[in-house]
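Trainee: This is the structure, below, for whatever I ask next.
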Amino acid sequence: MLECRGITFSYDKNHKKLFQDIDLKINPGEIVGMPGPSGQGKSTLAKVLSGYLQPQVGTVLVDGSPLPAGKNPVQLIFQNPEHAVNPHWNVRKILNEGGIINPELSKNFGIQNFWLDRFPHELSGGELQRICLVRALCSNLRYLICDEITSMLDALTQAGIWHSLLQEIEKRQLGVLVISHDNALIARLCSRVVHFFEDTGK
Amino acid sequence: MLKVENFSVSFSYNSSQLSKKQVSAITSLDIEVKAGEIMAVVGQSGAGKSLLAHAILGILPRNAHTAGKIYFKGRSLTAQRIKKIRGKEIALIPQSINYLNPLLKVGTQVARAARLSGLKNRDEAKQAAHSALARYLLDDSVAKYYPFQLSGGMARRILTATATVGMADLLLADEPTNGLDALAAEEALGHLRELADTGKAVLLITHDIESVLKITDRVSVFYDGITLEVANTSDFTGKLCLRHPYTTALWAALPTNSFTSPPSQATTPSNGKTGGCPYHLHCAKHGPDCADELPRMQELRDGLVRCHNA
Numbered sequence: 225m226l227e228c229r230g231i232t233f234s235y236d237k238n239h240k241k242l243f244q245d246i247d248l249k250i251n252p253g254e255i256v257g258m259p260g261p262s263g264q265g266k267s268t269l270a271k272v273l274s275g276y277l278q279p280q281v282g283t284v285l286v287d288g289s290p291l292p293a294g295k296n297p298v299q300l301i302f303q304n305p306e307h308a309v310n311p312h313w314n315v316r317k318i319l320n321e322g323g324i325i326n327p328e329l330s331k332n333f334g335i336q337n338f339w340l341d342r343f344p345h346e347l348s349g350g351e352l353q354r355i356c357l358v359r360a361l362c363s364n365l366r367y368l369i370c371d372e373i374t375s376m377l378d379a380l381t382q383a384g385i386w387h388s389l390l391q392e393i394e395k396r397q398l399g400v401l402v403i404s405h406d407n408a409l410i411a412r413l414c415s416r417v418v419h420f421f422e423d424t425g426k
Numbered sequence: 002m003l004k005v006e007n008f009s010v011s012f013s014y015n016s017s018q019l020s021k022k023q024v025s026a027i028t029s030l031d032i033e034v035k036a037g038e039i040m041a042v043v044g045q046s047g048a049g050k051s052l053l054a055h056a057i058l059g060i061l062p063r064n065a066h067t068a069g070k071i072y073f074k075g076r077s078l079t080a081q082r083i084k085k086i087r088g089k090e091i092a093l094i095p096q097s098i099n100y101l102n103p104l105l106k107v108g109t110q111v112a113r114a115a116r117l118s119g120l121k122n123r124d125e126a127k128q129a130a131h132s133a134l135a136r137y138l139l140d141d142s143v144a145k146y147y148p149f150q151l152s153g154g155m156a157r158r159i160l161t162a163t164a165t166v167g168m169a170d171l172l173l174a175d176e177p178t179n180g181l182d183a184l185a186a187e188e189a190l191g192h193l194r195e196l197a198d199t200g201k202a203v204l205l206i207t208h209d210i211e212s213v214l215k216i217t218d219r220v221s222v223f224y225d226g227i228t229l230e231v232a233n234t235s236d237f238t239g240k241l242c243l244r245h246p247y248t249t250a251l252w253a254a255l256p257t258n259s260f261t262s263p264p265s266q267a268t269t270p271s272n273g274k275t276g277g278c279p280y281h282l283h284c285a286k287h288g289p290d291c292a293d294e295l296p297r298m299q300e301l302r303d304g305l306v307r308c309h310n311a
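For the record, the sequence lines run as chains A and B. Position 1 of the first sequence, counted from 1, bears residue number 225 in my numbering, the numbering being contiguous throughout. Position 157 of the second sequence, counted from 1, bears residue number 158 in my numbering, the numbering being contiguous throughout.
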């Protein structure tokens, strides 16, 4: 279980707290949705859960123990895949970052062999997001945090990516947090919805 | 107002051994926008949508080659003519604040846009900037902000103010809802509708078909550099009104509809190399002609479609 207990975070001592005392549990195989307007800390919470940021108060636990150093079983997928890859590396090298490339996995995500010799700017946003997902899925991944991963993609590409991902989630019993402003998408994907970031006023 | 016919854009690259390579980005694009109307151009990422706006404004990079016709207000839009009228009669509402100068206060930038659009007098330009900001409910203190201090929704309003401070008759809006939450997106689109209602023509470029349907008059569906269909907004209600299989699939893929994904997984678009319909590999209805011959644009049920089986 991915669990956070009593998390409080602010970027600056003098700034107000972005969120306070947040508790969240995600079970393996469970897809949890987190909707809410922009600018309220959804992405920051995602970064705390995946170990990019340390909370001032509270802990993040993976199956009872703190996030390990090295390969993280909690992976964060970002909204803009072009910012999540090294622009000087070709796709093969990027995929290798996640471990040995699994051909079956690549096939499920529609990754073509000739993409491997290309550079990130030679792929479209949807293609690059597939690369980022496969890179994350290759490792010892158990929990996936999806921060608006398809909001800049057209509906067809979005549906295609999620269908590939849903298969994988089912097969490996991954726990997933879906962050999106699209309530219809969350309703489609998630078995449970948490409301930390709504109607808190401006 | 604006008419684009059989327009294409290709890029030449220096590949290895001093040879030049041609890559086609837009193969065949047809579009018409009338005064007082919003025309949405919808397509996947990488289909060449933003290039369209840049091509109309004549700001493509040097290695780009264009062919086809663009007419603006009935006259051909040549390279010399667009240089004179861009910013004045045609204005771009860009995709993000990256298009603003990061080191200048936004008020100054809006005033500068006003001067570039033809207001010679500095005070007049300041006044115009002030009223443009006021129109979008931004108070004077916002004028003193730098771009990085703006929230997403505010940035949108500043960019819209910059484009509308002059007297442009045609507005090109590039992904106006990117990165905005539902409320802010609705507001940004509402502003575009207001502008169209005052008699301006708006060309709205987007991947988000669902949110633009509330405000647009017509939708042009663009796939892999080719216009496949021009539909009326009202066609997007049931299944039977849409004309092209791609549009039908795109509509069905929305989470609010059936969230179905295409039968075959996405492969890289062919960039028009095959010569056939760009969608034939994914199309459930494809026939023998689809792979070889690009269908001609034909009229169907008060719209246009490019499909052998329509």
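Just so you know, even glycine gets a beta-carbon here, dropped at the ideal spot from N, CA and C. Quick caveat, the model's predicted, so the values are computed rather than measured.
Taking just the CA atoms, how far does E321/A sit from L365/A?
Mentor: Against the first sequence, residue 365/A aligns to sequence position 141. Against the first sequence, residue 321/A aligns to sequence position 97. Their Cα atoms are separated by approximately 13 Å.
Trainee: Using 8 Å as the cut-off, can you tell me whether the segment 282-292 of chain A makes contact with the segment 21-33 of chain B, which would need three or more C-beta pairs spanning the two stretches below that distance?
Mentor: Verdict: no, contact absent.
Trainee: Buried or exposed: where does M155/B fall if 16 or more other Cβ atoms within 10 Å of its Cβ makes it buried?
Mentor: Against the second sequence, residue 155/B aligns to sequence position 154. Under this definition M155/B is a buried residue.
Trainee: Just checking: is the beta-carbon of I94/B within a distance shorter than 8 Å of some beta-carbon in chain A?
Mentor: Indexing the second sequence from 1 puts residue 94/B at position 93. Taking Cβ atoms only, chain A never reaches closer than 8 Å to I94/B, which makes this a no.
Trainee: Note down, in chain order, all residues in the segment 375-399 of chain A with a beta-carbon under 9 Å from any beta-carbon belonging to chain B.
Mentor: Of all residues in the segment 375-399 of chain A, S375, M376, L377, D378, A379, L380, T381, Q382, A383, G384, I385, W386, H387, S388 have a Cβ within less than 9 Å of some Cβ in chain B.
Trainee: State buried or exposed for F233/A, treating a residue as buried only when at least 16 other CB atoms are found within 10 Å of its CB.
Mentor: Walking along the first sequence from the start, residue 233/A turns up at place 9. By the 10 Å Cβ count, F233/A comes out buried.
Trainee: Between G263/A, I324/A, R412/A, L277/A, which lies nearest to S363/A when the distance is taken from Cα to Cα?
Mentor: Within the first sequence, numbered from 1, the residue matching residue 363/A stands at position 139. Of the residues G263/A, I324/A, R412/A, L277/A, the one whose Cα lies closest to the Cα of S363/A is I324/A.
Trainee: Report all residues from its chain with a CB closer than 6 Å to the CB of C308/B; omit the five preceding and five following residues, and keep chain order.
Mentor: Numbered from its first residue, the second sequence carries residue 308/B at position 307. In chain order, H245, P296 place their CB closer than 6 Å to the CB of C308/B, counting only its own chain and leaving out the 5 sequence neighbours on each side.
Trainee: Measure from the C-beta of D341/A to each C-beta in chain B and report whether the shortest distance is under 8 Å.
Mentor: Locating residue 341/A in the first sequence gives position 117, where the first residue counts as 1. It does not: the Cβ of D341/A has no partner Cβ on chain B nearer than 8 Å.
Trainee: Inspect the CB distances between the segment 375-385 of chain A and the segment 202-222 of chain B and report whether three or more fall short of 8 Å.
Mentor: yes
Trainee: Quick check on A442/A - is its C-beta less than 8 Å from some C-beta in chain B?
Mentor: Residue 442/A lies beyond the range of chain A shown here (225 to 426); nothing can be said about it.
Trainee: Can you confirm whether the segment 62-70 of chain B touches the segment 3-15 of chain B when touching is taken to mean that 3 or more C-beta pairs between the two stretches lie within less than 8 Å?
Mentor: yes
Trainee: Mind pulling the chain A residues with CB within less than 7 Å of I210/B?
Mentor: Translated into the one-based positions of the second sequence, residue 210/B becomes position 209. The answer, in chain order, is A379.
Trainee: Indicate whether the contact test is met: 3 or more Cβ pairs, each with one atom in the segment 118-127 of chain B and one in the segment 142-161 of chain B, closer than 8 Å.
Mentor: no
Trainee: Could you tell me which residues DSSP pairs with I94/B in its beta bridges?
Mentor: Position 93 of the second sequence, counting from 1, holds the residue named residue 94/B. In the DSSP output, where bridge partners are listed per residue, I94/B has A174/B.
Trainee: Roughly how many angstroms separate the alpha carbons of E188/B and D287/A, rounded to a whole number?
Mentor: Residue 188/B sits at position 187 when you count from the first residue of the second sequence. Residue 287/A sits at position 63 when you count from the first residue of the first sequence. Near 43 Å, if we compare the C-alpha coordinates of D287/A and E188/B.
Trainee: What does A183/B touch in chain A if you count any residue whose Cβ is under 9 Å from its own?
Mentor: Here residue 183/B is taken as the residue at index 182 of the second sequence, counted from 1. Residues of chain A whose Cβ lies closer than 9 Å to the Cβ of A183/B are, in chain order, P261, H405, D406, N407.
Trainee: Rounded to whole angstroms, what's the CA-CA distance from Q280/A to V143/B? Just pull it up for me.
Mentor: Along the first sequence, read from residue 1 onward, the residue named residue 280/A stands at position 56. Along the second sequence, read from residue 1 onward, the residue named residue 143/B stands at position 142. Roughly 32 Å separates the two Cα atoms.
Trainee: Alpha carbon to alpha carbon, what distance is there between D406/A and A186/B?
Mentor: Taking the first residue of the second sequence as position 1, residue 186/B is located at position 185. Taking the first residue of the first sequence as position 1, residue 406/A is located at position 182. Whole-angstrom Cα-Cα distance: 12 Å.
Trainee: For L398/A, which residues from the same chain have a beta carbon less than 6 Å from its beta carbon, with the 5 sequence-adjacent residues on both sides left out?
Mentor: One-based indexing of the first sequence puts residue 398/A at position 174. L368, listed in sequence order.
Trainee: Report, in whole angstroms, the separation of the C-beta atoms of S415/A and E254/A, which I expect to be a contact under 8 Å.
Mentor: Stepping through the first sequence from its first residue, residue 415/A is reached at position 191. Stepping through the first sequence from its first residue, residue 254/A is reached at position 30. That belief holds up - the Cβ atoms of S415/A and E254/A are roughly 6 Å apart, short of 8 Å.
Trainee: Give the range of the alpha helix (DSSP H) segment to which Q110/B is assigned.
Mentor: As a first step, residue 110/B is located in the second sequence; it is residue number 109 there, counting from the start. From DSSP, the alpha helix (DSSP H) with Q110/B extends over 107-117.
Trainee: Tell me the rounded alpha-carbon separation between C284/B and G276/B.
Mentor: The residue you call residue 284/B lines up with position 283 of the second sequence. The residue you call residue 276/B lines up with position 275 of the second sequence. If I take the Cα positions, the gap works out to 16 Å.
Trainee: Decide if N64/B is buried, meaning its Cβ has at least 16 other Cβ atoms within 10 Å, or exposed.
Mentor: In the second sequence, residue 64/B corresponds to position 63, counting from 1. It counts as exposed.
Trainee: By the three-class DSSP mapping on this structure, what secondary structure does T232/A have?
Mentor: Along the first sequence, one-based indexing puts residue 232/A at 8. Of the three classes helix, strand and coil, the one that applies to T232/A here is strand, per DSSP.
Trainee: Name the chain A residues that come within less than 9 Å of L58/B, Cβ to Cβ?
Mentor: Reading the second sequence from its first residue, position 57 is the one you call residue 58/B. Simply none; closest approach about 22 Å.
Trainee: Select from A169/B, V43/B, R219/B the residue whose C-alpha is nearest the C-alpha of L196/B.
Mentor: The count along the second sequence starts at 1 and reaches residue 196/B at position 195. Cα-wise, what sits closest to L196/B is A169/B.
Trainee: Secondary structure at S132/B, three-state DSSP: helix, strand or coil?
Mentor: For the purposes of this step, residue 132/B is identified with residue 131 of the second sequence, where counting begins at 1. Note: S132/B maps to helix in three-state DSSP.
Trainee: Thinking just about the alpha-carbon of each residue, which of Q96/B, V231/B, R116/B, G49/B is nearest to the one in L166/B?
Mentor: In the second sequence, counting from the first residue as 1, residue 166/B sits at position 165. The sequence given here has Val at residue 166/B, not Leu. The residue with the shortest Cα to Cα distance from V166/B is R116/B.
Trainee: Mark E230/B as exposed unless 16 or more other C-beta atoms lie within 10 angstroms of its C-beta, in which case mark it buried.
Mentor: For the purposes of this step, residue 230/B is taken as residue 229 along the second sequence, with counting starting at 1. Burial call: buried.
Trainee: When we look at the beta-carbon of Q353/A and count the other beta-carbons within 10 Å, is it buried (16 or more) or exposed?
Mentor: Walking along the first sequence from the start, residue 353/A turns up at place 129. By the neighbour-count rule (16 or more Cβ atoms within 10 Å), Q353/A is buried.
Trainee: Consult DSSP for H66/B and reduce its assignment to one of helix, strand or coil.
Mentor: Indexing the second sequence from 1 puts residue 66/B at position 65. In this structure, H66/B counts as strand in the three-state DSSP scheme.
Trainee: Does chain A have any CB closer than 8 Å to the CB of L120/B?
Mentor: Numbered from its first residue, the second sequence carries residue 120/B at position 119. Chain A, which has no Cβ nearer than 8 Å to the Cβ of L120/B, makes this no.
Trainee: Following the continuous beta strand (DSSP E) through L3/B, name the residue where it begins and the one where it ends.
Mentor: Against the second sequence, residue 3/B aligns to sequence position 2. Run containing L3/B: 3-15, per the beta strand (DSSP E) assignment.
Trainee: Report the neighbours of R412/A on chain C: residues whose CB is nearer than 9 Å to its CB, in chain order.
Mentor: The structure shown contains no chain C; its protein chains are A and B.
Trainee: Under three-state DSSP, which class holds Q353/A?
Mentor: The sequence position of residue 353/A within the first sequence is 129, counting from 1. DSSP places Q353/A in helix when its eight states are reduced to three.
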